[in-house]
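Undergrad: Position one of the sequence shown corresponds to residue 0 (numbering that gives the first Met the number 0), numbered consecutively onward.
Yeah, the Cβ is synthetic: ideal placement off N, Cα and C, and Gly gets one too.
Small disclaimer: the values here were computed from a predicted structure and weren't measured.
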Amino acid sequence: MAVKIRLTRVGKTNTPFYRIIAIDSRKKRDGAALDILGTYDPVEGKLIQFNPDRVQEWVSKGAIVSDAVKRLEKLYKKTAA
């Protein structure tokens, strides 16, 4: 099973809100997640919650991180520093 770490949309119409999830790469975007790793609010432009330790755990198991999540990881490191 190939696992990806990517975003899934959970917000209302015209009010996007995303969860950072680990999911089987063959599942659709809003399919059942294996693990919820954080949340992102693009309207406010900030990460609400992010767990880099869990992301690294999934990467060590072979998960592939999407480009969008890589950008959010950089944002987290910049704001945490």
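Report, in whole angstroms, the separation of the C-beta atoms of V58 and L6, which I expect to be a contact under 8 Å.
TA: Not confirmed; about 16 Å, so no contact.
Undergrad: For L74, which option in I63, N50, A62, T12 has the closest C-alpha, if you only look at C-alpha atoms?
TA: Taking only the C-alpha atoms, the option nearest L74 is N50.
Undergrad: In this structure, how does DSSP classify D52 when only helix, strand and coil are distinguished?
TA: Residue state, collapsed to three classes: helix.
Undergrad: Name the DSSP beta bridge partners of T14, please?
TA: Per DSSP, K11.
Undergrad: Could you check whether the Cβ of D23 sits closer than 7 Å to any Cβ belonging to chain D?
TA: The question asks about chain D, but that chain is absent: this structure has only one protein chain.
Undergrad: Could you tell me the alpha carbon to alpha carbon distance between S24 and D34, rounded to whole angstroms?
TA: Going from the Cα of S24 to the Cα of D34 covers about 13 Å.
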